[in-house]
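J.:
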Amino acid sequence: MKAFITVFSLLLLGGIALAQAKPETTISGKVLLDDGQPAVGAHLEIYSVGLTKNGKSESVECDETGSFKLTGLTPGSYSIEVAAPGYVTDDFATKRVYRPGETVTIHLVKGGVVTGKITDSAGEVLVNVKVKLQRLRDLNGNRTRNGQGSFWDDDFQTDDRGIYRAFGLLPGVYVVGVDGEPAERWFGPAHEAPTYYPSTTRDAAMELTVRPGDELTNIDIRFRGDAGRAISGTISGTFESSQPFNRPGLILLHAATKEPVASSSPNQTNAFVFFGIPDGEYELFARQIGRREENSAGSPPLRVSVKGADVTGLSLRLMPYASISGRVIVEAAKPGEAKCDSKASPSVEEILLRHKSELRNPRTLNALLSDIDEAIRPTAPDQKGDFTLHQLEPDSYRIETDLPGETWFVRSMTLPASGAVKTKTDAARSPITLKAGEKLTGLEITLAEGAASLSGRVTPKPGGNLPSRLRVYLVPAETTAADDLLRYREVQIEKNGSFEFKHLAPGKYLMLARSSSDTESNSQRPAAFDSTERTKLRKEAEAANQQLELLPCQRVKDHVLKF
Amino acid sequence: MRPVSRLLSLVFLVLLACPIPALAQTRPPELTRDTRPRNCSISGRVTINGQPAANVQVQFLEFPTESNAPQPIRQTADGSISRNKHKARTDSEGRYQISNLPPGRFVVTAASQAFVMATANPQNNESKMVTLDAGESRDNVDFALVRGGVITGQITDAEGRPVIAHHVRLSHVIVGPDGQTYLQNRGGLFNSQITDDRGVYRIYGIPAGNYAISAGGESGYFGGNKYSQTFYPDTPDEKQAKTIPVKSGEEVTGINLRLGAKRKTYEAAGRIIESDSGKPVPNIRVSCQKIYEEGSEDHEGGYGEGQADQQGNFRLTGLNRGKYSCRVRAGWMEATDFYAEPTTFQVQDEDVSGIEIKALRGGTISGVSIIEGSNDVATKAKLSRIMIYANAEPEERQDRTQPSSHHQTTIKPDGTFLLTGVAPGKVTLHVNSLGDRSMSLIRIEQGGAPIEESFKLAKGEKITDVRLIFAAGTGAIRGQVQPTSRPQTVGETYRIQARLQGNKTGVWFNNLVDEKGRFELSSLPAGEYELQLNGVVQLPDGSRRMMLLAKQKISVPAGSTVTVTIPYDPNRPFQEER
């Protein structure tokens, strides 16, 4: 049963209502079913996003018209989960946060159903055993945090006839497995390897595509009872001893697919064991999330090879995570600079910051889970603009900003002078490198008023077609800004050729549309990050010679870019 | 010493004398060597409806003989890790046998939850505990089963749409001594099932008997209380519930329920302020519980919980009609300086706002925890894994529903502890070492004098001289009850309990008595103990009743194992102890 569904939908019609002088405190909207009927009584849970302290959740139910209104919200970013049993949101792929003042419409579709019968190797039905549906990808082929964030997808149980019926499934591609164990917890983990539909190992498992409202029947599994191996070892390093309930957690991932295979926790002598692991390649890591985030620690992932025998003597070491703290400063408009004519005045608490790994260190979870964008938890500054990005592995990072409203742009991102470096350094130009446990302070993110925005469409030359993967780039035209990375932008165009840029610093830009390779479009790393690529990009943009000047607060719409 | 144990020790000695050299050098640190002989076996027969049941899977789950003791991960001679689960299958005669088991305690389960014991039994397909000594073969571990009954149907709402993922309850219909029928919720796993996307439920493994089906009316945390309670056939009145007779192996279909309209729930909002200054109290939790008023027909629950924001504002949702009593407390593993007297409000036909909860500055209890006769740093470090709980019972209750207030903290690395925001009243302290049994609380002192049970805390009082005295458990009691068995009620187990004399605050040490009448209690600090033998019976409603069978005093010196025989009268009628 998929009781709670996080709403992260691009298809939502989110409009931003203009605010009065007072900060907005309400998010309201509607929840509709696939047939257009209101989702009467659907339960909504709203969570503040990015806060390390004072995070809170509120809940509300939809009325007879499917409407809801969440009031009394403090400035910040929020995520909404909808619980309407049997129903799911129609798209899960894109994260979406809401800010007070927004009006939203959430569309629900009937969740998919997968049903079948489980028997054992002797043909006897297996009663009250867990059936695990693991969602591998969404319908667009993207890996999502579902199955990563919550780690286990929902379990369903067989009845006295060996029949299971999994319902309320998110659209996506699944594999179905069974480990033959009774659903009761006290039986402990399975000792045999799981069998996947139709009656095979994970590698040969048949993938099932579940579309909204689909009912897949006869998904029967004959449980093979293949031998499972055991994996054991010890865990050492930092422990937050003052938190008696807080034990480190161990997670075993399938090396190739990064699917979670099993989880465990160490015993009182810091030894751990997993049972029921089939032969294969795995990545094992441990994490301890402290109640105070600065006390969190993690181990680098350890490659584990299981081949025909138990694996023992593994050793994991928890190292304290690093952090970056600093402050967001909103610059007052300088004399002569325009203050945008906007009634909405965003608050700093509505800003979200994300750390993006440069993947310099292959032995990190960053590298392991790099294709799951949503694995990164955002951070919000407090009222004074102070923030700390916690739980960072030793690696190199860039900081991404997600700004509310339309009027702000990022003017600079600097680190204070330290050691041999006597001046402030540009933290946007080169990534921030952290050692294990390093607590970096003093990152200053300066925002300014007067951001411009630009939206439009790429059109092919007469008789031509747009390539399927096309990206639009903005390159600062001023040569003095050649290395100001905050001025570079790129975006993948939508299917209809449209694109949109927001929070742009006013100034002159060169525009360029170019087709991108698969790797480029899959990578979230902008081309401008690399100095050679940046120079190349600049040359191409100069050659294309499509210049555009954006004035403070200018909203350029329907811009046509020829390709 | 019993001959079997002697044999066991002998086997151990032999094995210890000739370790496998290669393994001794390469054994990883997380593993202990498994030297147990694999010379035990269990066999028996499974019948269904009196007929031999072929191809039935029998599971053997090895359990530690001491339930709370940390379990080592063991490595066998071939380098693999010891497994604690074993399986066997019955042959065409319904017979099964498993050999190569190590000595130890096993829980044997045959067939699945779809089957129940053939004899009248409150529990489904009960597992059997088998404790094996080295070399022992236990035969006739038999299971006489019948297929349980099934009740299935569909749950719809007032408009006839399926109600998805909703709980459906199965209750026993029992006839009381006055001839009236009552509904009694069944305990255990199968008293409740949830509906699927079609609103269909299926409850199986039901022992033959008379039952009733109902849905709705639960008081859930998550606004689950949307439908009023409805009994089959579509009646809100428990007395009108239709009895559904279920025979073994029978499938009763079409037990459909149509629930009424969703009930409206309400919200309540308010503010928590400091009683004397009127300043808001931020970041404290509020929980409000519906009060059952005497003589009221309203039996449905209600509960709301929320977190106050920076301005002390809170909001509770999903409340039913009724009168609520609220209290405040710190969040989990957090501290607050405040407590509050119960504040009540009434929900009638609309949302409630403007509730004002006046928070009062509570007392503090602080002190130090020490280990008797030890200054070992490593041992001391273990204290930081111990939770301390304080329970403050109000001396005069405003009304009978006023709860006692609970506070918790941990021991700091330097051994000190501090509880804040403690409500005035009769305070009792408890500790929980979260399964680590190497340290036990043996005494609590205040101002140098031992606390028998509780102490008084005045309003806002600061008590600073509390000492929690712990001791390492190095002693053990091993024993035998006499006679070793008695005619048992089905589902009855024996438990042995020991409590250190003079320590009313400490935990009981307890363990199961095995089917041979033997028991073991370890990790006991030195001292005088009261030992109790209890019979524990699980009643059909799932509740447990404990009967005192014998009592005995015993002295446990440090570091030694005391053996004891506990005589009891097998014909003594059950007396209810608590």
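Read top to bottom, the protein sequences are chains A and B. Plus 133 on top of the position in the first sequence (first one is 1) and you've got this note's numbering. Plus 397 on top of the position in the second sequence (first one is 1) and you've got this note's numbering. Ideal Cβ placement from N, Cα and C applies to all residues, glycine included. None of these values were measured; they are calculated from a predicted model.
(1) Return the chain-ordered list of same chain residues with a C-beta closer than 8 Å to the C-beta of residue 455 of chain A, the five sequence neighbours on each side being excluded.
(2) Go ahead and label residue 688 of chain A buried or exposed: buried means 16 or more other beta carbons lie within 10 angstroms of its beta carbon, across all protein chains shown.
(3) At a cut of 8 Å, does the stretch 748-764 of chain B reach the stretch 856-876 of chain B through at least three beta carbon pairs?
(4) Per the contact definition of three or more C-beta pairs closer than 8 Å, is the stretch 202-219 of chain A in contact with the stretch 553-566 of chain B?
(5) If you reduce the DSSP assignment to three classes, tell me which class residue 691 of chain A lands in.
(6) When burial is assigned at 16 or more other CB atoms within 10 Å of the CB, is residue 487 of chain B buried or exposed?
(7) Should residue 786 of chain B be flagged as near chain A, meaning a C-beta pair shorter than 8 Å?
(8) If you count every other CB in all the chains shown that lies within 10 Å of the CB of residue 603 of chain A, and 16 or more means buried, which is it?
(9) At what residue ranges does the stretch 533-558 of chain B contain a whole run of the beta strand (DSSP E), taking only runs of 3 or more?
(10) Is any beta-carbon of chain B found at less than 8 Å from that of residue 356 of chain A?
(11) Got a sec: is the Cβ-Cβ distance from residue 270 of chain A to anything in chain B below 8 Å?
(12) Please list the terminal residues of the continuous beta strand (DSSP E) segment that includes residue 501 of chain A.
(13) Less than 8 Å between the CB atoms is what I'm expecting for residue 672 of chain B and residue 755 of chain B, so what's the real figure, rounded?
(14) Do you know offhand how far residue 250 of chain A's Cα is from residue 308 of chain A's?
(15) If you compare alpha carbons, which of B:529, B:779, B:819, B:802 is closest to residue 809 of chain B?
(16) Using a beta-carbon distance cut-off of less than 8 Å, what residues from the stretch 426-446 of chain A approach chain B?
(17) Identify whether residue 680 of chain B lies in helix, strand or coil by the three-state DSSP scheme.
(18) Flag residue 540 of chain B as yes when its Cβ comes closer than 7 Å to any non-hydrogen atom of the ligand ADP, and as no otherwise.
(19) Along chain A, in chain order, which residues have C-beta atoms closer than 8 Å to that of residue 641 of chain B?
(20) With a cut-off of 8 Å, do at least 3 Cβ pairs link the stretch 825-836 of chain B to the stretch 785-794 of chain B?
(21) Could you pull out every residue in the same chain whose Cβ sits closer than 6 Å to the Cβ of residue 956 of chain B, ignoring the five residues on either side in sequence?
(22) Compare the C-beta of residue 594 of chain B against all C-beta atoms of chain A and say whether one is closer than 8 Å.
(23) Rounded to whole angstroms, what is the Cα-Cα separation between residue 691 of chain B and residue 478 of chain A?
(24) Given 8 Å as the limit, is there contact between the stretch 623-631 of chain B and the stretch 593-604 of chain B, that is, 3 or more CB pairs closer than that?
(25) In this structure, how does DSSP classify residue 427 of chain A when only helix, strand and coil are distinguished?
(26) Tell me the DSSP bridge mates of residue 742 of chain B?
(27) If you run the structure through DSSP and keep just helix, strand and coil, what is residue 950 of chain B?
(28) Taking 7 Å as the limit between beta carbons, can you name the residues of its chain near residue 483 of chain A, skipping five residues before and five after?
(29) Can you say whether residue 837 of chain B is buried or exposed, counting buried as having 16 or more other CB atoms within 10 angstroms of its CB?
(30) Given this structure, state the Cα-to-Cα distance separating residue 691 of chain A from residue 625 of chain A, to the nearest angstrom.
(31) Taking the beta carbon of residue 546 of chain A as the centre, do at least 16 other beta carbons fall within 10 Å, making it buried, or is it exposed?
(32) Tell me which same chain residues have a C-beta within less than 6 Å of the C-beta of residue 679 of chain A, skipping the five on either side of it?
(33) Can you name the start and end residues of the alpha helix (DSSP H) that residue 699 of chain A belongs to?
(34) For residue 181 of chain A, which residues in chain B fall below 8 Å Cβ to Cβ?
(35) Along chain B, in chain order, which residues have C-beta atoms closer than 8 Å to that of residue 257 of chain A?
(36) Can you tell me the Cα-Cα spacing of residue 465 of chain A and residue 529 of chain A, whole angstroms?
T.: Looking at the coordinates:
(1) 525, 526, 527, 567, 568, 569, 570, 571, 572, 573
(2) exposed
(3) yes
(4) yes
(5) strand
(6) buried
(7) no
(8) buried
(9) 540-544, 546-553
(10) no
(11) no
(12) Run containing residue 501 of chain A: none in the beta strand (DSSP E); it sits in the alpha helix (DSSP H), 498-501.
(13) 4 Å
(14) 15 Å
(15) B:779
(16) 442, 443, 445, 446
(17) coil
(18) Ligands are entirely absent from the displayed structure, and the ligand ADP is therefore not among its contents.
(19) Those within 8 Å of residue 641 of chain B in chain A number zero; the least Cβ separation is about 17 Å.
(20) yes
(21) 871
(22) yes
(23) 54 Å
(24) no
(25) helix
(26) B:721
(27) strand
(28) 208, 209, 210, 232, 537
(29) buried
(30) 17 Å
(31) buried
(32) 644
(33) With chain A covering only 134 through 696, there is no way to say anything about residue 699 of chain A.
(34) Here the premise fails: no neighbours, minimum Cβ distance about 10 Å.
(35) 452, 453, 454
(36) 32 Å
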